[in-house]
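One structure is given here, and the rest of the page talks about it.
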Amino acid sequence: MSHVNSKVFVLDTNIFIHFPEAIESFRNSEIAIPLVVLEELDKLKTYSDQRGKNAREAIRYLNRAIRGGDVRKGVKLDNGSVLRVIFGGINHPPADLPLDTNDNRIILQAASLLSSGKMVFFVSKDINARVKATVLGLKAVDYEKQKVNAATLYEGIREIEVGSDAFTELVQQIPGPSKEILLPNQYVYFKERGGERTFLARYEGSSQQLVPCALSEERCFGIMPRNERQRAALDLLLNPSIPCVTLVGRAGTGKTLLAIAAALHLILDEKKYERVLISRPIVPLGKDIGYLPGEKSAKLATWMEPIYDNLEFLLSLGKRSTIKNMDQLFKERLFEVEAITYIRGRSLPSQFIIIDEAQNLTPHEIKTIVSRVGYNSKIVLTGDPDQIDNMYLDANSNGLTYLVESFKGNALFGHITLFKTERSELAELAARLL
């Protein structure tokens with residue numbers, strides 16, 4: 290079979306774990322998959338975590354794409370590309386790059402294509418693998434699809450300074466049409482030039498008007514917002530007509546605490562939802578919760594400790610007569626914690642869902658989770674893109690920032706980037722300098 294062009298893209302295993310349908314991203318190209326990659330996918334498919342799920346999806350997708358064709362010569366894909374599997378060709382490997390690791394075998398198989406005279410691109414999420422591939426003469430690249438520029442990430446709020454007379458006139462006209470170019474559910478924080486007056490409003494896309502943001506003196510389950518961005522975040526969290534909210538910020542900015550406080554208020558006080566479902570990725574050990582001892586609740590307790598700390602703090606502030614402690618919340622099934630792994634197979638109606646540390650999820654995993662949200666449910670995703678534990682993700686490629694940039698401007702979505710650390714002066718210093 291004739292090749293499409295003079296470029297060959299060799300895909301590493303982690304590309305399929307990141308996005309099982311990755312071959313669709315390379316149109317009118319030649320795609321080469323080392324046989325070692327298929328072997329690694331075969332081993333990963335037995336895992337019960339998200340990697341195992343993605344490996345199984347990738348294998349099924351490749352099987353459909355091949356459709357019984359001869360992958361040694363190349364199979365034409367619907368997107369105009371040619372897919373083939375490469376193997377062998379490593380007759381004289383460099384002494385400094387032994388064949389005892391799959392990573393090295395994959396890189397060397399990619400390098401074996403250089404003799405064909407074509408421009409060979411090695412595509413991997415593994416930075417070190419890309420460096421080694423470059424040493425061998427390959428053009429090593431990251432998987433750029435589903436990446437955003439974290440430096441210019443949508444913040445969900447604009448700050449505008451106006452003169453005293455203009456400020457008075459502005460406040461008198463709100464609610465009213467906005468003269469600024471804004472996105473639905475974007476906030477505007479007006480500040481009086483040379484004065485102390487401020488005003489916070491949300492742009493309502495359906496009416497094309499600025500709507501005043503309340504909550505200036507109100508407590509939500511015992512807490513009050515400490516700055517204008519926290520006020521905007523709480524306004525989003527308490528609005529049932531906005532079913533998807535993302536909060537991005539460094540440690541101590543109040544992301545998780547605000548989300549849990551809003552959830553408890555809407556469930557216990559407003560009766561808007563049936564229960565709170567909260568989860569966070571289990572990343573550090575690289576395995577699912579089955580590798581920890583004990584029952585599921587005991588396994589989750591280790592990972593959910595920050596959630597329990599926030600919950601216990603809020604309940605101590607509430608002085609509620611109906612809910613005495615955390616045990617009662619769990620016993621009455623008003624509050625549930627779950628591993629990300631087990632959310633993907635569920636339908637989640639009438640629930641307030643919080644996904645904490647969402648920066649450790651891939652765009653594909655975020656899609657899987659958000660697509661589980663059922664009727665009359667709300668989902669809140671929080672995280673800090675600068676603190677990522679997933680070795681194949683960064684601030685530009687994680688699912689949280691990808692969701693923010695993909696959903697901005699939609700009436701069903703709202704976002705706030707939080708900057709100021711309110712935990713303590715020491716926490717602020719650590720977040721800023723360390």
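Converting from the sequence shown to this note's numbering requires adding 289 to each position, the first position being numbered 1.
All C-beta atoms in this analysis are idealised placements derived from N, C-alpha and C, irrespective of residue type, glycine included.
Between the beta-carbon of A522 and the beta-carbon of I705, is there less than 8 Å?
If you check the CB distance, A522 and I705 come in under 8 Å.
In this structure, how does DSSP classify Q339 when only helix, strand and coil are distinguished?
Three-state DSSP puts Q339 in a helix.
Check Y597 in the structure and name its three-state DSSP category.
Looking at Y597 - three-state DSSP - the assignment turns out to be helix.
Among the residues of its own chain, which have a CB less than 7 Å from the CB of E450, if the five just before and after it don't count?
So the list reads K480 and R482, once near-sequence residues are dropped.
So what's S370 in DSSP terms, helix, strand or just coil?
Coil.
Short of 7 Å in beta carbon distance, which residues of its chain neighbour T423, apart from the five on each side in sequence? Order them along the chain.
Same-chain partners within the cutoff: A429.
Hey, could you find the ends of the alpha helix (DSSP H) I312 is sitting in?
I312 -> no alpha helix (DSSP H), and no H or E assigned at all.
Would DSSP call F510 helix, strand or coil?
In the structure shown, F510 adopts coil according to DSSP, grouped into three states.
Count the CB pairs spanning the stretch 507 to 522 and the stretch 679 to 688 that are closer than 8 Å, and state whether there are at least three.
The stretch 507 to 522 makes no contact with the stretch 679 to 688, as fewer than three CB pairs between them are under 8 Å.
Please classify S291 as buried or exposed, where buried requires at least 16 neighbouring CB atoms within 10 angstroms.
Caution is warranted here: a pLDDT of 44 is assigned to S291, below 50, making its placement in the model unreliable, and the coordinate value is therefore given only provisionally. So S291 counts as exposed.
Under the rule that 16 or more other beta-carbon atoms within 10 Å means buried, what is G452, buried or exposed?
Counting C-beta atoms within 10 angstroms of its own C-beta, G452 has fewer than 16 neighbours from the protein chains shown and is therefore classed as exposed.
Tell me which residues share the same chain as R447 and place their Cβ nearer than 6 Å to its Cβ, disregarding the 5 neighbours each side in the sequence.
Excluding residues within five positions, the ones whose Cβ falls inside 6 Å are V477.
Taking the alpha-carbon positions, what's the Y597 to T441 distance?
One C-alpha to the other measures close to 33 Å.
Looking at the structure shown, is F233 part of a helix, part of a strand, or coil, going by DSSP?
The structure shown has nothing for residue 233, since the chain only spans 290 to 723.
On the CB-based measure, 16 or more other CB atoms within 10 Å of its CB, does F308 come out buried or exposed?
Result: buried.
For the beta strand (DSSP E) that Q498 lies in, which residues bound it at each end?
Its beta strand (DSSP E) spans residues Q498 to P501.
Specify the secondary structure class of L388 as computed by DSSP and reduced to three states.
The answer is coil: DSSP assigns L388 none of H, G, I, E or B.
By alpha-carbon positions, which one of M593, G445, E493 and P383 ends up nearest to I258?
This structure does not reach residue 258, given that the chain is present from 290 up to 723, and the question cannot be answered.
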